[in-house]
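**Student:** Shown below is the structure under consideration.
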Amino acid sequence: MGSIVDEREEFTVLVTGFAPFRSQYPRNPSWEIASRLPAFLPPLQPKDPATRDGPKLPEVRIVVNPEPIRVNYKTVREIVPKLWDQGQQSQGRAYDAVIHIGMAGPRPMYQIERRGHRDGYKSRDVDGELLGDEDAEGAHKEGWYWEGLPEELKTDLDLDDVLERWKQHSPKDADLRISEDAGHFLCDFIYYSSLSHLYSHHPDRPRKVVFLHVPADANDETIPRGRDLALALIRAIAESEIDARRKHPQVSSTPHRETSISIHAPAFTMCRPANCDTCKKTTWWGCGSHVPMVMDTIKTEDRCSCEPKVEREGKEYPPMAKQPS
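All residue numbers for the sequence shown refer to our numbering, where the first residue is 71 and numbers rise by one.
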């Protein structure tokens, strides 16, 4: 579950950036921006014309991943679960939000992405490798890593509210937008990887993650500007989340669920046994909060053995069924 924040607690944000991947871009602005962020969100400057009144914030801690992430499909797929788990291990609770930063084109605009995509990764990564999730005919391979997951997953952050706050904390000439297409390359891939990790492994946790696309320029003028806009985005997210949690504590801590058929899923019920369409054995379906209670009554030989597993109370269980039985 997302942490419930008040003035005595921290709001913690993890930020990642990418390593360089093309010769014409020897410096990746996403990492140049991320690596320059302070450990804590600085207080608003009263005389700053870009400031606005907002909710009283707790201390906002900024955790920057210690290294840039290689622009490589395999690396991203391996590191994303570790990124989410390290917050739980290091501070005893999950990150309140995660921001992945990546480089877009040369246009001087900054975009926050609303959704990540499961399919369509046709470009080679920095090492010349393809994702390889599809066979020569374009069909997904047996035992596919993302089998049964929706084609698109959206963030649970209120991006419309975040964008409004972000603009109010930023210079008036800053071009800030919401985007609906993260590009079907590594930026989109890491975003969907984060969203799908929470969807599959932590279905009871809201997907408080967003991708920030920044301009490709990485010079002495654009990097400080990008850093300031990233800080304004962190402030906007913290304000939006804390306001929502204080006004609607139950709603703000409840994740939105999609299905592989429709982005608008029906409300989940308490967990119950269900049949796996792949292995034809028993798994579970429902809210995700009662998986041990359901699965611990099923004999090992009768349990679904598909991947990816979900973790509950220190034990691994099969993934949720595509539909109730």
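Cβ coordinates follow ideal geometry from the N, Cα and C atoms, glycine included.
From D166 to V83, what distance separates their C-alpha atoms?
**Tutor:** One-based indexing of the sequence shown puts residue 166 at position 96. One-based indexing of the sequence shown puts residue 83 at position 13. Computed Cα separation, rounded: 6 angstroms.
**Student:** Rounded to whole angstroms, what's the CA-CA distance from K192 to L153? Just pull it up for me.
**Tutor:** Start at 1 with the first residue of the sequence shown, and residue 192 comes out as number 122. Start at 1 with the first residue of the sequence shown, and residue 153 comes out as number 83. Rounded to whole angstroms, K192 to L153 spans 25 angstroms at the Cα level.
**Student:** Does D258 pass the burial test, meaning 16 or more other C-beta atoms within 10 Å, or should it be called exposed?
**Tutor:** For this step, residue 258 is matched to residue 188 along the sequence shown. It is buried - the Cβ of D258 has at least 16 other Cβ atoms within 10 Å.
**Student:** Would you please verify whether the beta carbon of D287 is less than 9 angstroms from any beta carbon of chain B?
**Tutor:** Here chain B cannot be found, since the structure has a single protein chain.
**Student:** When the Cα atoms are used, what is the spatial distance from P125 to A306?
**Tutor:** The residue labelled residue 125 in the question sits at position 55 within the sequence shown. The residue labelled residue 306 in the question sits at position 236 within the sequence shown. Cα-Cα distance, rounded: 10 angstroms.
**Student:** For S93, count neighbouring Cβ atoms within 10 angstroms of its own Cβ and tell me buried if that reaches 16, exposed if not.
**Tutor:** For the purposes of this step, residue 93 is taken as the residue at position 23 of the sequence shown. Exposed, by the Cβ-count rule.
**Student:** Does DSSP classify I304 as helix, strand or coil?
**Tutor:** Here the question's residue 304 lines up with position 234 in the sequence shown. Of the three classes helix, strand and coil, the one that applies to I304 here is helix, per DSSP.
**Student:** In the structure shown, what three-state DSSP assignment does L229 receive?
**Tutor:** Locating residue 229 in the sequence shown gives position 159, where the first residue counts as 1. Three-state result, L229: helix.
**Student:** Express the C-alpha separation of S375 and C349 in angstroms, rounding to a whole number.
**Tutor:** Along the sequence shown, read from residue 1 onward, the residue named residue 349 stands at position 279. Along the sequence shown, read from residue 1 onward, the residue named residue 375 stands at position 305. Their Cα atoms are separated by approximately 7 angstroms.
**Student:** Inspect the CB distances between the segment 282–292 and the segment 215–223 and report whether three or more fall short of 8 angstroms.
**Tutor:** No, the segment 282–292 is not in contact with the segment 215–223.
**Student:** For L256, report the span of its beta strand (DSSP E) as first-last.
**Tutor:** Locating residue 256 in the sequence shown gives position 186, where the first residue counts as 1. First-last for L256: 256–271, but that is the alpha helix (DSSP H), not the beta strand (DSSP E).
**Student:** Mind checking which residues open and close the alpha helix (DSSP H) that includes V196?
**Tutor:** In the sequence shown, residue 196 corresponds to position 126, counting from 1. Note, V196: premise wrong, no alpha helix (DSSP H); not H, not E.
**Student:** In terms of DSSP beta bridges, what is H187 paired with?
**Tutor:** On the sequence shown, position 117 is the one that residue 187 refers to. DSSP lists E222 as partners of H187.
**Student:** Pick out whichever of G253, P388, V364 has its Cα sitting closest to the Cα of G190.
**Tutor:** Walking along the sequence shown from the start, residue 190 turns up at place 120. Checking every option, the nearest Cα to that of G190 belongs to G253.
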